[in-house]
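Chemist: Dropping the structure in here first, questions after.
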Amino acid sequence: MDTPHKADPAIYPKLRERVLRSGFPSVANYPIQTVLMDSNLTNGTSSVLAGVDGSASIYLSSGGGFIGGGQKYPAIREAALHAIQLATSLESHFQKTETIDLPARGDIFFYLTTSTGVRRAIATEAKLSTGEDPLTALGGAMQKIVTLYRLARVRTTPN
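So the mapping is simple: the working numbering equals the position in the sequence shown, first residue as 1, plus 14.
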C-alpha cells in the first residue's frame with residue numbers, strides 16, 4: 015500500500031517566491047505574466063495563481079495545494095486567462111513593489127508579475143465582499159479558479 019504524501023510547509027514560500035521573482039520566462043514578452051492572490055484562511059494562507067499561458071495553481075501555507083489544472087481542465091485554463099485579462103485592465107490600481115509580503119488578516123494582496131517587475135495592490139475582504147473595491151472582479155475571477163479546482167476534485171474523487 016502506498017503511503018500518502020505528507021505536505022511540507024517549507025515548500026509554500028519557495029513556490030510563491032519563485033513565481034514572483036522569476037515569473038514565466040517563456041512568456042516574458044507579455045505585459046502581465048501572472049496574477050497571484052494571497053488571502054488568509056482559518057489556519058494559514060492561500061495563494062491562487064493565474065498565468066498568461068493558462069496555468070492555474072493554488073498554494074497553501076500548510077504545504078498542500080493544487081497544480082496543473084490549467085493544463086488538464088479547459089474551464090480552469092479559461093478562468094486563468096480571464097483573470098489575466100481582468101488584471102490587465104486593472105493594472106493602474108497596482109504599484110511597483112520590491113517586497114512580496116503576505117497580507118495581514120482582513121487584507122487580500124494581489125500581485126502581478128510584469129515585464130518590468132512585480133506590482134501589488136491591496137484590498138480588504140470587507141470591501142471585496144460588498145463589491146466596493148475596484149479589484150472585486152479580479153478577486154471573483156481568482157476565486158473562480160478555486161471553485162473550479164474543487165469541482166474537478168469532486169468529479170475525480172471515487173465514491
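Ideal placement from N, C-alpha and C gives every residue a C-beta, glycine not left out.
Relative to the alpha-carbon of Gly68, which residue among Thr56, Ser61, Ala89, Gly79 has its alpha-carbon at the smallest distance?
Modeler: Ranking the options by Cα distance to Gly68, first place goes to Ala89.
Chemist: Within its chain, find whatever has a CB closer than 8 angstroms to the CB of Gln85; leave out the 5 residues flanking it on each side and keep chain order.
Modeler: Answer for Gln85: Gly68, Ser69, Arg91, listed in chain order.
Chemist: With 16 as the cutoff for other CB atoms within 10 Å, does Asp16 come out buried or exposed?
Modeler: Per-residue confidence for Asp16 stands at a pLDDT of 43, beneath the threshold of 50, marking its modelled position as unreliable; the derived number appears in the next sentence. Exposed is the call here.
Chemist: Would you call the CB atoms of Ile122 and Leu142 closer than 9 angstroms?
Modeler: Yes, the pair counts as a contact, with Cβ atoms nearer than the cut-off.
Chemist: Would you say Ile159 and Thr102 are within 9 angstroms of each other, going by their C-beta atoms?
Modeler: Contact flag unset, no.
Chemist: May I ask you to report which of helix, strand or coil DSSP gives Ser106?
Modeler: Residue state, collapsed to three classes: helix.
Chemist: Within 10 Å of its beta-carbon, does Gly153 have 16 or more other beta-carbons around it, so buried, or fewer, so exposed?
Modeler: So Gly153 ends up on the buried side.
Chemist: When you compare only the Cα positions, how much space is there between Ala93 and Ala24?
Modeler: Straight-line Cα distance between these residues: approximately 28 angstroms.
Chemist: Given this structure, state the Cα-to-Cα distance separating Gly120 from Ser60, to the nearest angstrom.
Modeler: Their Cα atoms are separated by approximately 13 angstroms.
Chemist: Taking the C-alpha atoms as reference points, what is the distance between Thr144 and Glu105?
Modeler: C-alpha separation (whole angstroms): 21 angstroms.
Chemist: Based on Cα-Cα distance, which residue from Leu74, Ser71, Pro27, Thr48 lies nearest to Thr130?
Modeler: Of the candidates Leu74, Ser71, Pro27, Thr48, the one whose C-alpha sits nearest the C-alpha of Thr130 is Thr48.
Chemist: Can you tell me where the beta strand (DSSP E) with Ser71 in it begins and where it stops?
Modeler: It spans 70 to 74 - the beta strand (DSSP E) in which Ser71 sits, taken as one unbroken run.
Chemist: Of the residues Leu126, Ala155, Gly78, Gly83, which one's Cα is nearest the Cα of Ala21?
Modeler: Ranking the options by Cα distance to Ala21, first place goes to Gly78.
Chemist: Buried or exposed: which applies to Pro66, given that a residue is buried once 16 or more other Cβ atoms fall within 10 Å of its Cβ?
Modeler: It should be pointed out that residue 66 corresponds to Val in this sequence rather than to Pro. Result: buried.
Chemist: Run through DSSP, which three-state label would Ser160 get?
Modeler: The residue you asked about is not Ser; residue 160 is Val in the sequence shown. Residue state, collapsed to three classes: helix.
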